[in-house]
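Residue numbers (the numbering used here): 2 to 784. All C-beta atoms, glycine included, are put in the ideal place defined by N, C-alpha and C. None of the values given here were measured: they were computed from a predicted structure. Below is one structure, written out as structure tokens, with a few remarks after it.
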């Protein structure tokens, strides 16, 4: 950014700009920087302006409780932001300062009130400005995205740079959760959503391929108040879904994946711009993802799964026999190629329970080496994008508070965080001059395009807004004047299957709209059902009679990230999660009442059988453990302390049942706490279908009863709803589909099954012709 960080701020800071020490950290407000005071562990970290403002506000009142409302008024002043902005900022500060909310040494949370800075504050005076932090520090368009005078680039983003906050998505589906919001089914549809415990084959296939729909009027919007919107030109208008566009190095051809309307078999195609003829490059069963061009434009590399062993292949760009480069054990969450064509960068998950990490694959020797090392309990790093000069790599990292963009010097510099809002990132690409990183995201409660200076600063809105359900895949054309967009549109509806006594099963669509309807839950008497929907254009919790009548909205929600709303045993109250908060709302409708809300992920609430307590997942201690509280939100206590992520399934009168990240099987622990034990072994059950393993995806894909468990088994090309009987130790298949199935639930009598099915998916590719001028106007000019 041009100028110092202090000069760029619009409002004065309450504590001034003099340096001071908090614990083992030296804080330098004028430079938006903190340094470790430990000589044995020298670390330097960049701090975003709002994060610094909050830290200064608390430091000025060291030892005093500062209410949330006072902090909001003091730091954000007249800017309208949601209450979650403060929670995210506090969480980010704790990550930067390596503090923990459970046993804080620096920032203490005062339950349902505010925060207190408990570490000692020692003024130090103004820090000396070095050449990299003065007004001459600017973006250098000619020789790298973050060039600074005096050879300081390595100091900012190389070996001495920050290693990134100690934290936990996703890629393709989803909400904001980096751990893959276990309570949010939307994660499964975005880019590479992960479940904490299982294979992501279905998710990755599905997420990166999601559908998109072009239109200048319908699909994309412009920022309100602008006189002239972006200009869109159709690139493809095919039946089915086209996605993952990639321009050839000369900008004259476009490679993309297309399902030809099958929804299950994706192949790669190349289109010469200005012509209608398509060249089909692949013809195998399975799905081809992540096409990347060789620098000379003669070949395309891609990842194939669902046919034989997953592998990376190369195929001539003009057609011809393909060749296998290397097999892939596990999942892939993105692919990029170095400008010299010698290496591929791949986001690779080596097995279930492992995070995605970036690896460098030598195309001459097939040797691999890891180049990023995210925290193991979270989704990890995905969607790599290499800068045009090959000196920097950008990627998305999923963490405890969501998904953000990082950048590091290639190949093994320390990652540095660029965005701090924790929202989903659907795709990211460099501008050809390296002046900016363009990304698609749902930040600021709207899906669309943003650009951020790779040297830091606030992301800028590009004036392109997707529809409410669209997920944007992007590709910037060489030269930077235009870019290709794919807006994926999906329609999920609720289906009911009648499980009759004679074994026959009839199915009918219970809830349908052109929007998303999912996460259903039956009332205790089986006469009503709640579900989430954005059918009015805004997220809401709805209720309908199981006979299909009396449809009405119970309450509006802030996001579609909420999980299943669970009924109390007496049917009078519902409890649901909004990723970081738990709420309860009367079943007759009304305003939700906040039960928990703070600096942690709080998901997946369930009522105990007596209706006196609520159990839920929370990462208050770093991992998603199981917690308990009274129905009014008081007396919160941990039930498990395993040091691994868990996924709550349900409870009986004595035990809580759950899955755990490091072990197979269904586990249980007493409601009052105690030693966990395996309740039902899913390692080697006598299954009737070829001894297949169980591959669940999210907790909405599981419905626990005391007699057995219903779940969705996601596999390449097919989703299956199954029932595992605890008493007989047998497995039964209830539903098979080539469409995506999610969110399974059943009535108390076991006679009616409801699930969410993706009934339609469409997408076309469009060209945003005015991209270059729009982007340049938002980025700072070099000195």
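- Of 654, 377, 312, the smallest CA-CA separation from residue 706 is found for 654.
- Assignment of alpha helix (DSSP H) within the stretch 322 to 403, counting only whole runs of 4 or more residues, yields no such run.
- Proximity of the stretch 421 to 433 to the stretch 362 to 371 falls short of the contact definition, fewer than three beta-carbon pairs being nearer than 8 Å.
- In this structure, residue 282 lies near residue 269, with their beta-carbon atoms less than 7 Å apart.
- Residue 587 is bridged by DSSP to 574.
- Taking the Cα positions, residue 122 is about 10 Å away from residue 107.
- Residue 475 places its beta carbon 7 Å or farther from that of residue 514.
- Residue nearest to residue 347 within the set 37, 358, 666 is 358 (criterion: CA-CA distance).
- With fewer than 16 other CB atoms across the displayed protein chains lying within 10 angstroms of its CB, residue 276 is exposed.
- Residue 258 is classed as buried because its beta carbon has at least 16 other beta carbons within 10 Å across all chains shown.
- Beyond the five residues adjoining it in sequence on each side, residue 573 comes within less than 6 Å, by CB distance, of 588 in the same chain, given in chain order.
- Taking the CA atoms as reference points, residue 111 sits about 11 Å from residue 105.
- In this structure, residue 338 keeps its C-beta atom at 7 Å or more from the C-beta atom of residue 312.
- Just measuring C-alpha positions, the residue of 524, 549, 564 sitting nearest residue 541 is 564.
- In this structure, the CA atom of residue 603 is about 10 Å from the CA atom of residue 616.
- Its chain contains 607, 658, 705 as the residues whose beta carbon lies nearer than 6 Å to that of residue 651, once the 5 sequence neighbours on both sides are disregarded; these appear in chain order.
- When 375, 246, 642 are compared, the shortest CA-CA separation from residue 349 is found for 375.
- Partner residues in the beta bridge of residue 668, as assigned by DSSP, are 659, 679.
- A contact is defined here as three or more CB-CB pairs under 8 Å, and the stretch 483 to 499 fails this definition with respect to the stretch 662 to 673.
- Residue range 772 to 779 is occupied by the alpha helix (DSSP H) that includes residue 772.
- In the structure shown, residue 449 falls within a strand segment according to DSSP collapsed to helix, strand and coil.
- Per DSSP, residue 235 lies in no alpha helix (DSSP H) segment; the continuous beta strand (DSSP E) that holds it begins and ends at 233 to 235.
- About 5 Å separates the beta carbons of residue 495 and residue 518, which is inside the 8 Å limit, making them a contact pair.
- At a Cβ-Cβ threshold of 7 Å, residue 285 and residue 308 count as neighbours.
- Beta bridge pairing from DSSP links residue 91 with no other residue.
- If you draw a 10 Å sphere on the C-beta of residue 739, you find fewer than 16 other C-beta atoms in it, and that means exposed.
- Note that the stretch 389 to 406 does not touch the stretch 43 to 60; fewer than 3 beta-carbon pairs, one per stretch, sit closer than 8 Å.
- A distance of 7 Å or more separates the beta carbons of residue 680 and residue 527.
- A straight line joining the alpha-carbon of residue 429 with that of residue 362 spans about 21 Å.
- DSSP places residue 422 outside both helix and strand once states are collapsed to three, so it counts as coil.
- A straight line joining the alpha-carbon of residue 410 with that of residue 388 spans about 10 Å.
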